[in-house]
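To start, the structure under review is shown below, and the notes come after it.
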Amino acid sequence: MTSPSVVPVPAPPPNDELELLLRLGDDRLVLGHRLSEWCGHAPILEEDIALANVALDLLGQATLFLRRAGEVEGKGRDEDALAYFREAVEFRNCLLVEQPNGDFGFTIARQFLFDVHAVVTLDALSRSTSAEIAALAAKSLKEAKYHVRHSGEWMLMLGDGTDESHRRVQRALDELWRFTPELFVADGVAARLAVQGIAPDLPALHAKWETIVRDVVGRATLTLPHESMHSPHLRGGRSGMHSEHLGHMLAELQIVARSHPGAKW
Amino acid sequence: MSGTSATRLTRDEILAVLDTVMDPEVPVLSVRELGIVRDVRLEAGEAVTVVVTPTYSGCPAIRVIEQDITSALHGAGIADVRIETVYSPAWTSDWIPTEARAKLKAYGIAPPSPAAATDLVQLLRAPRTPQCPYCDSRDTEVRSEFGSTACKSICWCRSCRQPFEEFKGI
Chain A
78 MTSPSVVPVP APPPNDELEL LLRLGDDRLV LGHRLSEWCG HAPILEEDIA
128 LANVALDLLG QATLFLRRAG EVEGKGRDED ALAYFREAVE FRNCLLVEQP
178 NGDFGFTIAR QFLFDVHAVV TLDALSRSTS AEIAALAAKS LKEAKYHVRH
228 SGEWMLMLGD GTDESHRRVQ RALDELWRFT PELFVADGVA ARLAVQGIAP
278 DLPALHAKWE TIVRDVVGRA TLTLPHESMH SPHLRGGRSG MHSEHLGHML
328 AELQIVARSH PGAKW
Chain B
-17 MSGTSATRLT RDEILAVLDT VMDPEVPVLS VRELGIVRDV RLEAGEAVTV
33 VVTPTYSGCP AIRVIEQDIT SALHGAGIAD VRIETVYSPA WTSDWIPTEA
83 RAKLKAYGIA PPSPAAATDL VQLLRAPRTP QCPYCDSRDT EVRSEFGSTA
133 CKSICWCRSC RQPFEEFKGI
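Protein sequence lines correspond, in order, to chains A and B.
Quick note: the first sequence uses the numbering used here, first residue 78, plus one each step.
Quick note: the second sequence uses the numbering used here, first residue -17, plus one each step.
What follows is the structure in structure tokens.
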């Protein structure tokens, strides 16, 4: 008896640029949605408006990156198809941005850690060998700079504020610190893109990020958690392994589009 | 005016039509004055391509602006209007010309200050005091960098005790 011949199906070549665009787009889509949850609930009116403005910018950036992702993918999916009709396992955002809002201090600490990541990343990407990515990064960087001014100045105010505000924002940093190594994991995608000059070298970027974060955290009279709090297990977002929180969030984000596919207004 | 080749509008005439298309959120400025229209190209045949760039990446007005440009040119007899979006160079408020800044001020919005190059993370900058569009005082403060639209900050004039908006310099 002859065994059936098995013809191995060659794996499709990895589309690293698509992966990068999904990471950039999904980080912003998910964090933008989280911030929009504050609308009508922020501690003061100016902050309600500020968080909604940042949410809108992030949603706009997500639109640009996901639209380009759809073009690079070449399967006819636009930014809406990617935002509303993918499952949680297909999302490529980091775990940091999907964490629930918590109190205002938690939201600000999460935002600050992300915003510093955004400015160093977009600054580097604005020199990408991919002209399309460089253009979208340079545009987004202008907005990310005033985002980090907002979250960074709040870190100073809360950290160097009352005992209560200090305690809360320190607790937020302690909880969120373990999610930050994932922002800079040089997996195969990131390593290959760095070689091509499409994306920056992540270990170098990590050092730049940490210098800025340490400076602001110190000025805010806060302390960074010990490195042992860098849990190597809290990652996986870039390959679709998310915390339970993302699915719940996507249910809310996607239900209208899925209930009325193709609806126009 | 008909859309036949005999009466095809020149590029300058098309630009003049676009001068009448106002921004929906700042209706005293045209889409050209805001720097949203980057170029106009007369294509082979009858088609006209308008090259636009968004101000802020999340500006919800951009779709309305594209529709307004298209219908204004349809109204001028151009049947085939194409919108092309570019992102580089990134939009800057520095593109708003001097005459348009005076219109902003007359409308009650302080015009943007120059978009200075800043460090990636620059906290606690020296406070800015935009000139009050109502009483011209400099005894003002920026209350929040975030306002009613992505492009505006909320300010307060201590002299005439009025809140006012400032077009952000980016």
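For each residue, glycine too, the CB sits at the ideal point set by N, CA and C.
Just so we're clear, the structure is a prediction, and the values are computed from it rather than from any experiment.
Cutting at 6 Å between CB atoms, please list the residues of its own chain near B/ILE165, excluding the five before and the five after it. Here chain B has residues from -17 to 152 only, and residue 165 of chain B is not among them.
With 7 Å as the threshold, decide whether the Cβ of B/SER39 is near any Cβ in chain A. yes
Cα-Cα separation between B/VAL63 and B/THR31, rounded to whole angstroms: 6 Å
Complete alpha helix (DSSP H) runs within the stretch 192 to 251 of chain A (minimum length 4 residues, chain order): 208 to 236
Which residues, taken in chain order from the stretch 206 to 230 of chain A, show a beta carbon closer than 7 Å to some beta carbon of chain B? ALA212, LEU213, ALA215, LYS216, SER217, LYS219, GLU220, LYS222, TYR223, VAL225, ARG226, HIS227, GLY229 and GLU230
Which residues bound the beta strand (DSSP E) around B/SER178? Because chain B is modelled from -17 through 152, residue 178 of chain B falls outside the range shown and cannot be assessed.
So, under 8 Å CB-CB, B/LEU(-9) and B/ARG14 are touching, yes? Tell me the CB distance rounded to an integer number of Å. Actually they do not touch by this definition, with Cβ atoms about 15 Å apart.
How is the alpha helix (DSSP H) around A/ARG269 delimited, first residue to last? 265 to 273
If you run the structure through DSSP and keep just helix, strand and coil, what is A/THR257? coil
Could you list which residues in chain B have their beta carbon closer than 8 Å to that of A/VAL266, in chain order? Within 8 Å Cβ-Cβ: nothing; A/VAL266 doesn't reach chain B, min ~23 Å.
Tell me the start and end of each unbroken beta strand (DSSP E) in the stretch 60 to 84 of chain B that is at least 3 residues and wholly inside, in chain order. 63 to 67
For A/LEU98, which residues of its own chain have a beta-carbon under 8 Å away from its beta-carbon, when the five flanking residues on both sides are left out? PHE142, LEU143, ARG145, ALA146, VAL149 and ILE210
Helix, strand or coil: how does DSSP classify B/PHE128 here? coil
Output the distance between the C-alpha atoms of A/ARG269 and A/ASP93, rounded to the nearest integer angstrom. 8 Å
Within 7 Å (strictly less), CB to CB, does A/ASP134 reach chain B? yes
Cβ of A/LEU166 within 7 Å of any chain B Cβ: According to the sequence displayed, residue 166 of chain A carries Val and not Leu. Closer than 7 Å: no.
Taking DSSP's pairing of strands, which residues face B/ASP21 in a bridge? B/VAL33
Pick from A/PRO258, A/PHE168 and A/TRP342: whose alpha carbon is nearest that of A/PHE324? The question names Phe, but residue 324 of chain A is Gly in the sequence shown. Nearest of A/PRO258, A/PHE168 and A/TRP342 to A/GLY324, Cα basis: A/PHE168.
Using 7 Å as the limit for Cβ to Cβ distance, is A/GLY137 near chain B? yes
Have a look at B/PHE146 and A/VAL262 and give me their C-alpha separation to the nearest angstrom. 45 Å
Should B/VAL3 go down as buried or exposed, given a rule of 16 or more other Cβ atoms within 10 Å for buried? buried
Determine the contact status of B/PRO71 and B/ALA92, defining contact as a CB-CB distance below 7 Å. no
Pull up the distance between the alpha-carbon of A/TRP231 and that of A/ALA165, whole angstroms please. 31 Å
Based on DSSP bridge pairs, tell me the residues matched to A/MET29. Missing from the structure shown is residue 29 of chain A; chain A here goes from 78 to 342 and no further.
Under a three-way DSSP split, which group does A/GLN331 fall into? helix
Output, in chain order, the set of chain B residues within a Cβ distance shorter than 7 Å of A/LEU202. Chain B residues near A/LEU202: none, gap ~13 Å exceeds 7 Å.
Member of A/GLY153, A/ILE185, A/ARG100 and A/GLY314 whose CA lies at the smallest distance from the CA of A/LEU250: A/ILE185
Identify the contact partners of B/GLU147 in chain A, using a Cβ-Cβ distance below 8 Å as the criterion. In chain order: nothing, as chain A lies at least about 12 Å away.
By the 10 Å Cβ neighbour count, where 16 or more other Cβ atoms means buried, how is A/LEU122 classified, buried or exposed? exposed
A/HIS337 versus A/ALA160: straight-line alpha-carbon distance, rounded: 15 Å
Please confirm whether A/LEU141 has its beta-carbon closer than 7 Å to some beta-carbon of chain B. yes
In the DSSP assignment, find the unbroken beta strand (DSSP E) run with B/PRO145 in it and report its ends. 144 to 149
Return helix, strand or coil for A/ALA132, following the three-state DSSP convention. helix
I need the straight-line Cα distance from B/ARG20 to A/LYS216, nearest angstrom please. 15 Å
Relative to chain A, which residues along the stretch 67 to 94 of chain B have a C-beta separation below 7 Å, given in chain order? TYR69, SER70 and ALA72
Please list, in chain order, the residues of the stretch 181 to 198 of chain A that have any C-beta partner in chain B closer than 7 Å. VAL193, VAL196 and VAL197
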